[in-house]
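Below is one structure, written out as structure tokens; comments come after it.
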Amino acid sequence: MSMTSERAEDIRRIEEAIDAAAEIFKRFTPGDVEVMRKDGGDPVTAADTEVDAKMHEVLLRDGEGWLSEETVDDPARLGCSRVWVVDPIDGTKEFVTGIPEWCISIGLVVDGKPVAGGIFNPATGQRVVGSVEGGVTLNGRPIATRETPGLAGAEVLASRSEIKRGEWERFADAKFNVKPCGSVAYKMGMVAAGQTDATWTLVPKHEWDVAAGAALVLAAGGYVVTKEGEPPLFNREKPKFTGLIATAGSLREEVDRLLGLGS
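Count along the sequence shown from 1, add 18, and you get the number used in our numbering.
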């Protein structure tokens, strides 16, 4: 696949933003950082806010919209064709406890569709970047979703929190292997990079949690739908999905049946 010059520039900006964020993270030690609390009780750190500001500086151009977990939402984005949907740290809980399952998440949506993205996990060094025109790379090497023949024996990454709440008990007798993991953006990045077979969350997620992952999984040849079985559309007034599913393309029909998508 070949990219347009515009998309090549988008990828360049994503790479530059990841590089800049990586430098900031060198000043922080996961598991040993000062934690503050948002109004809703979720953790936030100085790293979240510093990386958010740097990504805004590197990525945004005139006429583009911005949606980030750490920035006050500006409804002007709703009138923009091109919108950056980012999370400076997806998996802040893992970051502050030292579990290496968190990442920087950068997604670009055009007319609501996820077209390019990048995730970077500083703890593991995994960088997944790509676009629907140009495919996906893992640390600079071209990669794609796994060619998995079926769910039997497949690996499915599941939210640690969802498992603790008992939301995966329905799959206790399934023939696939459930592996707990943190950040949803990281999980989706690993699906795109062919490091696992599938992931899904059947509880609400914000657009910034999944925009980059959706773009990457689609770019890598995978399958991404909402809990209702529809392709996800971004940059909505209320930027939240009821749930999201991301799998290798070969698992599409089996996962649809398993989860009763759209029913």
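Positions of the beta carbon are idealized from the N, C-alpha and C atoms, including for glycine. Note that the structure is predicted; figures quoted are calculated from it, not measured.
| task | Measure the CB-CB distance between residue 63 and residue 88 and report whether it falls below 8 Å. | result | no
| query | Cα-Cα, which of 38, 100, 182 and 54 is closest to residue 9? | reply | No information on residue 9 is available, as it lies outside the stretch 19 to 281 that the chain covers here.
| How big is the Cα-Cα spacing for residue 95 and residue 253? | 7 Å
| query | If you draw a straight line from the alpha carbon of residue 174 to that of residue 271, how long is it in whole angstroms? | reply | 15 Å
| For residue 150, which three-state DSSP category applies? | coil
| said: Classify residue 145: buried if its beta carbon has 16 or more other beta carbons within 10 angstroms, exposed otherwise. | reply: buried
| residue 24 classed as buried or exposed, judged by whether at least 16 other C-beta atoms fall within 10 angstroms | exposed
| Nearest-angstrom Cα distance between residue 53 and residue 236? | 35 Å
| query | Using 8 Å as the threshold, is the region 259-273 in touch with the region 120-139, meaning 3 or more CB pairs across them? | reply | no
| query | Where does residue 138 sit, in a helix, a strand or coil, going by DSSP? | reply | strand
| In this structure, what does DSSP give as the bridge partners for residue 124? | 104 and 136
| query | Per DSSP, what kind of secondary structure is residue 21 in: helix, strand or coil? | reply | coil
| query | Among all the DSSP beta bridges, which residues are the ones paired with residue 259? | reply | 223
| field | C-alpha distance - residue 243 paired with residue 45, whole-angstrom precision | value | 37 Å
| Classification of residue 22 by the beta-carbon crowding that lies within 10 angstroms, buried from 16 upward | exposed
| request: Could you check what DSSP says for residue 131 in three-state terms: helix, strand or coil? | output: strand
| request: Compute the distance between the beta-carbons of residue 238 and residue 148, then report whether it is under 8 Å. | output: yes
| Roughly how many whole angstroms lie between the Cα atoms of residue 18 and residue 199? | It is not possible to answer for residue 18, since the shown part of the chain is limited to 19 through 281.
| Buried or exposed: which applies to residue 47, given that a residue is buried once 16 or more other Cβ atoms fall within 10 Å of its Cβ? | exposed
| said: One question on the structure: do residue 125 and residue 135 come within less than 8 Å of each other, judged by their Cβ atoms? | reply: yes
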